[in-house]
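First the structure, in the form of structure tokens, and then the observations on it.
Number of protein chains: 2
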Amino acid sequence: MAPDPKQRRAARHAQPGAATEAATTPSAARKPPITVDRITDAALQVVATQGYDALTIRSVTSALGTAPSSLYAHIVNKADIDDLLIGRLCSELVLPKPDPARWREQIRDVCAQIRDQYLRYPGISRAALAMVPTNLETLRVNEGMLAILLAGGIQPQTAAWAIDALSLYVAGYALETSMVQQRQKDPDATWVLTQDQLVDRFNALPQAAFPNTRRYATELTSGTGHQRFDFALALLIDNLARQAPPA
Amino acid sequence: MAPDPKQRRAARHAQPGAATEAATTPSAARKPPITVDRITDAALQVVATQGYDALTIRSVTSALGTAPSSLYAHIVNKADIDDLLIGRLCSELVLPKPDPARWREQIRDVCAQIRDQYLRYPGISRAALAMVPTNLETLRVNEGMLAILLAGGIQPQTAAWAIDALSLYVAGYALETSMVQQRQKDPDATWVLTQDQLVDRFNALPQAAFPNTRRYATELTSGTGHQRFDFALALLIDNLARQAPPA
DNA sequence: CTATATAGCGAACTTAGTTCGTGTCAAGTT
DNA sequence: AACTTGACACGAACTAAGTTCGCTATATAG
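Protein chains in written order, with the working numbering: chain A, 850 to 1096; chain B, 850 to 1096.
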């Protein structure tokens, strides 16, 4: 294996299967050697159980039963773990074979898959938003989404920008949803939490400056399940076919 | 003034002008006393010049010429500074008087204002995404956007969810744009940066797995100025009037 | 002139990312 | 069989940053 973890990160972003691995004989590993995969597993477990804020070098290594310094033979820095995490998440997405007749349904499904992956690991979409755009697995997902939209007859430029907008929205939605969920576990209950409390808050606003917020407090705070998500995705998707190629 | 900064934060999120201030006589302040406003000014200056990542308690206090501990008489914690920052940003937005004939233009303009404020302070939209939804100034902006959409004849529930989607997208877009800009200043040039380099990257991908990414590399990386932003906003906005009230 | 409250501050504690030098085991060499 | 080597892992330590605590000094009240 390449001695320098920087080279390994570069390799991860480069073409797959391009050698670089299968170096030393896969002979007897003595105990359980630290690998990038095991690091990723441990990190995902930490995020799943304690949230993204709890993802520290030390929490990962303690889940791994090793010392913090041991990680740095395999990763460049902490941001590198984000890269691994998002890569793993993307690798588990199932990309459908594009069906021109069902492109709307297919793109919605991929977005829902992404959303659910994000929500399974609360806060992890923060990492997705900060991700550098050359991660191989994210490119694979982009390719899949692009294929769906092109099959649906969407103009290439329209499709490219739509994927960008969809990705941003999904990540933002998951981040917001995760944070609401996390706050509900927080013992520091000084923060407003439930929908009822939010409505009360809105109704306590001065009538003169906030007439609409007060009148429609219910609408503003509604959206159980993924209604808001479905709504926004419909807005983004339903217009695509009508789009002339953007200037 | 309330001795406990927690009470002050609560007061900021409560109704404005509701007393709580004008406490001790506004007599002679000896030098320049630390105030929440001065903290906000200093923090904004730090973010504007060095980016959101450089926003630390110590960077704020050094810009203020004081010690880190001095801040904690005025703020609860670092997250509180985010709250102040976003509040200030929102307070500087100009909300138009709703004009039913020009509601699309008006909502687009407000979103563009938010976008430009975010971009003036690189990375600050991270704070906006994490913001608790009861900040008074953000509520004021929401009220203004709601008024525009309602004047445009949009259903209340549709309007409420549309504002949510728009806010998420604008924040995500600004975050992404800010990070690209920051990476361009970064001396660590091992990262791929320019559009040309990105196209090269895409073209280096294996043809079998990435046919569309390769063929439309140009489209995927295009979008100068705010073309992508305008495109996404158009998708979100142009369908609103057609919406039946969501279930 | 003295007492008191309050804002500001220095020092220190804690957590977290990262680096460095050393130890240790496995495979290959003589 | 003993030695060398090299990669991997690790303990300790350094740095940066958020936060707390208790002291000080000043301005106002009595």
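Note that beta-carbon positions come from the ideal geometry of N, C-alpha and C, so glycine has one too.
What you are looking at is a predicted structure, and each value in this text was computed from that prediction instead of being measured.
Residue-level contact by beta carbon holds for Ser1071/B and chain A, with a gap shorter than 9 Å. By the beta-carbon neighbour count (other beta carbons within 10 angstroms, threshold 16), Ser1027/B is buried. Residue burial is scored here from C-beta neighbours: Gly914/B has fewer than 16 other C-beta atoms within 10 angstroms and is therefore classed as exposed. Residue burial annotation: Gly1074/A is exposed, with fewer than 16 other C-beta atoms found within 10 angstroms of its C-beta. For Glu1068/A, the number of other beta carbons within 10 angstroms of its own is at least 16, and it is reported as buried. When Cβ-Cβ separations below 9 Å define contact, Pro982/A makes contact with chain B. Ile963/A and Ser918/B have their C-alpha atoms some 42 Å from each other. With 16 or more other Cβ atoms inside 10 Å of its own Cβ, Leu1017/A counts as buried. Neighbours of Thr1062/B across chain A, judged by C-beta separation under 8 Å: Leu988, Asn991, Glu992 and Leu995. Cβ atoms of Ala977/B and Tyr901/B stay farther apart than 8 Å, at about 10 Å. Taking a cut-off of 8 Å for Cβ pairs, the stretch 984 to 991 of chain A and the stretch 930 to 948 of chain A touch, as three or more such pairs fall below it. CA-CA distance, Leu1054/A to Arg1064/A, rounds to 11 Å.
Close partners of Glu1025/B in chain A (Cβ separation under 8 Å): Leu978 and Leu1017. If you check the CB distance, Leu1089/A and Thr1007/A come in under 9 Å.
Here the C-alpha atom of Ile924/A lies approximately 9 Å from the C-alpha atom of Asp853/A. The residues Thr910, in chain order, have a CB closer than 8 Å to that of Ala916/A in the same chain once the five nearest residues on each side in sequence are set aside. Short of 8 Å from the beta carbon of Ala1000/A, and not among the five residues preceding or following it, lie these beta carbons of its own chain, in chain order: Pro947, Asp948, Pro949 and Trp952.
Secondary structure note for Ser940/A: its alpha helix (DSSP H) is the uninterrupted segment Lys927 to Ser940. In this structure Asn1061/B is buried. Its beta-carbon is surrounded by 16 or more other beta-carbon atoms within 10 angstroms. The Cβ of Pro1005/B sits closer than 9 Å to at least one Cβ of chain A.
With a threshold of 9 Å between beta carbons, Tyr901/B makes no contact with chain A. Residue state for Gly1021/B is assigned as helix, using DSSP reduced to three classes. Residue environment for Thr884/B: exposed (fewer than 16 other C-beta atoms within 10 angstroms of its C-beta). Asp1045/A counts as exposed, since fewer than 16 other beta carbons sit within 10 angstroms of its beta carbon. Chain-order list of chain B residues neighbouring Arg1077/A: Trp1010, Asp1013 and Ala1014, by C-beta distance under 8 Å. The shortest C-alpha to C-alpha distance from Ala903/A to any of Leu944/A, Asp1079/A and Pro971/A is the one to Pro971/A. Against chain B, the CB of Asn1052/A has no partner CB under 9 Å away; the residue lies outside that interface.
When the alpha-carbon of Arg1032/A is set against those of Leu1024/A, Leu1042/A and Leu998/A, the nearest one is in Leu1042/A. Against chain A, the beta carbon of Asn1088/B has neighbours under 7 Å at Leu1084, Asp1087 and Asn1088, listed in chain order. If you look at Tyr967/A, you'll find it in the alpha helix (DSSP H) that goes Trp952 to Arg969. When secondary structure is reduced to three states using DSSP, Gly914/A falls in the coil class, being assigned neither helix nor strand. Going by beta carbons, Leu1085/B and Ala1023/B fall outside the 9 Å limit. Under the three-state reduction of DSSP output, Met980/B falls in the coil class, being neither helix nor strand. The criterion of a C-beta distance shorter than 9 Å is not satisfied by Gly1021/B and Gly1002/A. As the crow flies, the alpha-carbon of Pro882/B is around 14 Å from that of Asp890/B.
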